[in-house]
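Enquirer:
Numbering (our numbering), first residue to last: 2 to 385.
1. Would you mind sorting residue 181 into buried or exposed? The rule is 16 or more other CB atoms within 10 Å of its CB.
2. To the nearest angstrom, how far is it from the Cα of residue 293 to the Cα of residue 353?
3. In the region 175-216, which residue ranges form an unbroken alpha helix (DSSP H) of at least 4 residues, counting only runs that do not cross its ends?
4. Of the residues 143, 184, 291 and 297, which one's Cα is nearest the Cα of residue 228?
5. Apart from the five residues just before and just after residue 90, which ones in its own chain have a Cβ nearer than 6 Å to its Cβ?
6. For residue 341, count neighbouring Cβ atoms within 10 angstroms of its own Cβ and tell me buried if that reaches 16, exposed if not.
7. Have a look at the DSSP bridge pairing and note the partners of residue 167.
8. Check this for me: beta carbons of residue 272 and residue 355, under 8 Å apart or not?
9. My output table needs one value for residue 91: the three-state DSSP class, helix, strand or coil.
10. Have a look at 319, 267, 129 and 256 and flag the residue whose alpha-carbon is nearest the alpha-carbon of residue 219.
11. How about residue 130: is its Cβ closer than 7 Å to a heavy atom in the ligand SAH?
12. Are residue 316 and residue 281 touching if we call contact CB-CB under 8 Å?
13. Looking at C-alpha atoms only, which residue of 138, 328, 362 and 210 is the closest neighbour of residue 226?
14. Among 367, 365, 303 and 195, whose alpha-carbon lies nearest the alpha-carbon of residue 140?
15. Decide if residue 39 is buried, meaning its Cβ has at least 16 other Cβ atoms within 10 Å, or exposed.
16. Hey, is the region 114-122 in contact with the region 356-371, meaning 3+ C-beta pairs nearer than 8 Å?
17. Alpha carbon to alpha carbon, how far is residue 323 from residue 275?
18. Taking the CB atoms as reference points, tell me whether residue 303 and residue 236 lie closer together than 8 Å.
19. Quick check on the DSSP output: the beta strand (DSSP E) that includes residue 358 runs from which residue to which?
20. I believe residue 390 touches residue 104 by the beta-carbon criterion, under 8 Å. Please report the beta-carbon distance rounded to the nearest angstrom.
21. Relative to the C-alpha of residue 263, which candidate in 126, 112, 384 and 133 has its C-alpha closest?
22. Quick one: give me the first and last residue of the beta strand (DSSP E) that residue 279 is part of.
23. Count the C-beta pairs between the region 200-216 and the region 171-185 that are closer than 8 Å, then say yes if the count reaches three, no if not.
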């Protein structure tokens, strides 16, 4: 009986070992997601960084479009959070019976959208690029950092303190930084990125970075340097009343950099349309498909009052052949009165690119700096 039991035990042990051996032979195959790119695959053609770089660009000004809601994210993060308060445009809808952002009745479903886009669409993508490229491809890391600052400076200007400097450190909760600390960090990051790209351009003149995934400058290093310097100048003028000395230091450094700032029409930073990035301009969808926005009354006053030649470039004549804007802050009880009334539509088409920054803004910033006595390589009058 003992002998029979021993034989039985040996049989089962041997069978188990054979089964384990059979399983482990295909262990990697069984534990690999056939629908997911491997780390090795992601090294091909800069996929490990390129796809995240595209994600970042698409979320600076959100372009995700939905069949039912159109460009809701852009509308709530930009159009109903900045455009209306600046007076450029006037809302023609009566959301929530007229109690909405346009009448300072901020809508909870709206006011967190800009924060979400930054911390779900931009920051995680940048962190992935940082981990993959900061050491191996610093020029790629530099480009991503510039885009991060372009996106996040809008976020902190909207919300104030945000959890910026500690992002990606692995903590379950990150502290909210003061806006002063965030702006100082912006300058540190831009200065580092500019230096990396300047060194890269000197060593490899004419060589591009992430050209296939760059829908702003197609990997042109010189243009990215100009944009980064121009972004520094913008940030400097925004903080001038909080820290004039720091503002002047960074502004003059931006303008005096050997490669400089945006000066030519070809320098404009826009999100280009291409076969690899197909999108409708969000304002086209909001204006044409949903009839939610028109010319702002402030623009009617300024542009018609000064006979500004840019008027027809920005807006279309109303049904009477003249330009009319909607006053912001009014309570709209009936959408049709304004959406279908004698008000001017925006002069924007589906293929209009989203502008991040243009040379006109940079000349204006330099003129303001010169007016303050800063060295902006020109007088306030000439620059203006």
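Idealized CB from N, CA, C, for every residue including glycine.
Predicted model only: the values in this text are computed from it and were never measured.
Expert: Once the coordinates are examined:
1. Within 10 angstroms of the beta-carbon of residue 181 lie fewer than 16 other beta-carbons, which makes it exposed.
2. Taking the straight line joining both Cα atoms gives about 18 Å.
3. Runs of the alpha helix (DSSP H) lying entirely within the region 175-216 and spanning at least 4 residues, in chain order: 180-204.
4. Checking every option, the nearest Cα to that of residue 228 belongs to 143.
5. Cβ within range, chain order: 84, 294 and 297.
6. Exposed, because fewer than 16 other Cβ atoms sit within 10 Å of the Cβ of residue 341.
7. Paired residues: none, contrary to the question.
8. Yes. Within cutoff.
9. Strand, per DSSP.
10. The alpha carbon of residue 219 has as its nearest neighbour, out of 319, 267, 129 and 256, the alpha carbon of 267.
11. The model on display carries no ligand, and the ligand SAH is accordingly not part of it.
12. The Cβ-Cβ distance between residue 316 and residue 281 does not fall below 8 Å.
13. Comparing Cα-Cα distances from residue 226 to each of 138, 328, 362 and 210, the minimum goes to 210.
14. Comparing Cα-Cα distances from residue 140 to each of 367, 365, 303 and 195, the minimum goes to 195.
15. Summary for residue 39: the model assigns pLDDT 45, below 50, so the residue's position carries little reliability; its value from the coordinates is reported in the next sentence. The residue in question, residue 39, is exposed, as its Cβ has fewer than 16 Cβ neighbours within 10 Å.
16. As far as the Cβ criterion goes, the region 114-122 does not touch the region 356-371, which means the pair count is below three.
17. Cα-Cα distance, rounded: 35 Å.
18. For residue 303 and residue 236, no; Cβs fall outside 8 Å.
19. Run containing residue 358: 355-358, per the beta strand (DSSP E) assignment.
20. Coverage of the chain is limited to positions 2 through 385, which leaves residue 390 absent and any answer about it impossible.
21. Closest by alpha carbon: 384.
22. First-last for residue 279: undefined, no H or E at that position.
23. A contact between stretches requires three or more CB pairs, one per stretch, nearer than 8 Å, and the region 200-216 fails this requirement with the region 171-185.
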